[in-house]
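**Q** Provided herewith is a single structure, encoded as structure tokens, for subsequent inquiry.
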Amino acid sequence: MNIQGLNDLVKNIQDYTTEKEDALSEVVKETALKIQVSAKQRAPVDSGHLKRNIVVQLNSEGTNAKIGTLGSDVKYAPHVEHGTKNTPAQPFLFPSFEEEKPEYLRKIADILGDVK
């Protein structure tokens with residue numbers, strides 16, 4: 201049995217998937233960088249060490265991002281963000297994420313809108 205056009209169908213599906221993955225990766229990267237900029241603007245500055253060490257790490261596919269003081273010696277960042285028993289919180293990362301979240305979700309929905 202020979203199904204005509206099957207190779208074309210498979211190629212179209214692969215191209216469609218690649219297109220969606222590329223678009224999602226771009227949104228993840230763009231949003232992560234916006235969160236990084238915002239977090240750096242919000243971070244309290246004493247020596248500037250915290251602010252300088254807010255970075256973005258993307259996975260190899262670009263579909264997952266981590267933002268924070270990753271791999272640095274800024275071990276006090278969570279204490280600044282969340283506060284301690286004796287020190288009030290000075291959130292800089294979470295508010296930056298919350299600020300970008302609605303636009304991020306809208307863009308993801310736009311990209312995936314025709315996926316059923």
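To get my numbering, take the position in the sequence shown, counting from 1, and add 200.
Backbone N, C-alpha and C define an ideal beta-carbon position, used for all residues, glycine too.
#1: Can you list, in chain order, the stretches of the beta strand (DSSP E) that have 3 or more residues and sit fully within the segment 245-304?
#2: Closer than 6 Å by C-beta to alanine 223: which residues in its own chain qualify, once you throw out the five before and the five after it? Chain order, please.
#3: By DSSP, does alanine 239 sit in helix, in strand, or in coil?
#4: With 16 as the cutoff for other CB atoms within 10 Å, does alanine 309 come out buried or exposed?
#5: Does the pairing of the segment 282-289 with the segment 235-251 give three or more beta-carbon distances under 8 Å?
**A** Walking through what the data contain:
#1: Runs of the beta strand (DSSP E) inside the segment 245-304: 255-258, 265-268.
#2: Reading the sequence shown from its first residue, position 23 is the one you call residue 223. Around alanine 223: Ile311.
#3: As a working mapping, residue 239 is identified with position 39 in the sequence shown. Look at alanine 239 here: in three-state DSSP terms it is helix.
#4: What you label residue 309 is simply residue 109 of the sequence shown in a count that begins at 1. Alanine 309 should be labelled exposed.
#5: Output reads no: the segment 235-251 does not touch the segment 282-289.
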